[in-house]
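Working notes for the structure below.
In this note's numbering, the protein residues as written are -19 to 39.
The structure is reproduced here in C-alpha cells:
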C-alpha cells in the first residue's frame, strides 16, 4: 500500500522535470525570452533534467 504513493511521487517528479525542462522553449515561443536571463534558462534546464533523472532512476 505504501508503494503507490511513492510511484505517484516519482511520476509527478518526471512530469515536473519535463515541464521545467521545456519552460524556456515555451517562453521563447510566447516571445518573452528576452525577459529571462541566460543564467535562469540554464538553471531551469539543469533543474528539469535533474528532476527527470531522479524520476526515471528510482521508478
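Just so it is clear, CB atoms sit at the ideal spot from N, CA and C, and this is done for glycine as well.
Q: Compare the beta carbon distance of residue 28 and residue -10 with 8 Å and say whether it is the shorter of the two.
A: No; because the gap between Cβ atoms is not below 8 Å, this pair is not in contact.
**Q.** Euclidean distance between Cα positions of residue 9 and residue 22
**A.** If you take the alpha carbons of residue 9 and residue 22, they lie about 17 Å apart.
Q | Rounded straight-line distance, which links the Cα of residue 31 to that of residue -12 | A | Roughly 14 Å between the two C-alpha positions.
Q.
Let me make sure I understand the geometry here. Which of 33, -15, -14 and 25 has the alpha-carbon closest to that of residue 6?
A. If you compare the alpha carbons of 33, -15, -14 and 25 with that of residue 6, the shortest gap goes to 25.
(Q) Using C-beta distances below 6 Å, list every residue in its chain close to residue 33, excluding the 5 sequence neighbours before and after it, in chain order. (A) Only residues of its own chain outside the window of five on either side were considered, and among them none has a CB closer than 6 Å to the CB of residue 33.
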